[in-house]
């Protein structure tokens with residue numbers, strides 16, 4: 001039996017599937033009870049629990065073809081915890097509906113156990129995503145309501 005994939009390898013698989021637009025394959029990288037926290041998300045949910053919820057989100061993204069992302073400039077930092085890596089990366093994105101492109105920096109703290117993602121903390125620039133999608137004013141309004 002081969003050893004489970006390392007956090008670095010899992011992050012590579014994750015970004016490879018995202019860049020290929022294979023959203024429906026992403027849930028298989030996550031444990032059944034995985035926790036995903038989208039720290040700077042301006043709208044709920046900021047936490048997603050479990051592979052089933054992730055599958056719903058990823059299936060919706062694939063079905064809508066709302067955004068296309070390519071991951072670039074990846075820098076992975078090892079930590080003292082062998083389950084955890086911290087990844088810095090950029091997304092080169094395109095919103096097909098608007099034709100707008102964007103580039104945004106991201107950080108993800110990824111915890112992998114037995115070859116599956118059990119926890120992530122995702123730090124994305126949601127304003128860049130919203131501006132490219134033509135939703136910047138809606139995003140700012142949502143932030144303003146949070147006071």
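Numbering (full-length UniProt numbering), first residue to last: 1 to 147. Every residue, glycine too, gets a C-beta built ideally from N, C-alpha and C. Owing to the predicted nature of the structure, the values given are computational and were not obtained by experimental measurement.
Sorting 16, 26, 33 and 37 by C-alpha distance to the C-alpha of residue 122 places 37 at the top.
By the Cβ test, the segment 78-86 is not in contact with the segment 62-70, since fewer than three Cβ pairs between them sit closer than 8 Å. Restricting attention to alpha helix (DSSP H) runs no shorter than 4 residues, the UniProt domain "SnoaL-like" (18-119) encloses them at 51-64, ordered along the chain. The beta carbon of residue 88 sits closer than 6 Å to the beta carbons of 75 and 107 from its chain, once the five residues preceding and following it are set aside; these are given in chain order. 34 is the residue among 24, 13 and 34 whose C-alpha sits nearest the C-alpha of residue 113. Listed as beta-bridge partners of residue 125 by DSSP are no residues whatsoever. Between residue 30 and residue 51, the CB-CB gap stays under 7 Å. Residue range 136-146 is occupied by the alpha helix (DSSP H) that includes residue 137. The Cβ atoms of residue 101 and residue 110 lie no closer than 7 Å to each other.
By a beta-carbon distance limit of 8 Å, residue 130 contacts residue 139. Their separation comes to about 4 Å. Scanning 115, 117, 118 and 136 for the CA closest to the CA of residue 125 turns up 136. Inclusion of residue 141 and residue 43 in the CB contact set at 7 Å is not warranted, their separation being larger than that value. Around residue 15, the same chain offers 71 as residues with beta carbons nearer than 6 Å, after the five sequence neighbours per side are excluded.
The straight-line gap separating the alpha-carbon atoms of residue 95 and residue 19 is approximately 14 Å.
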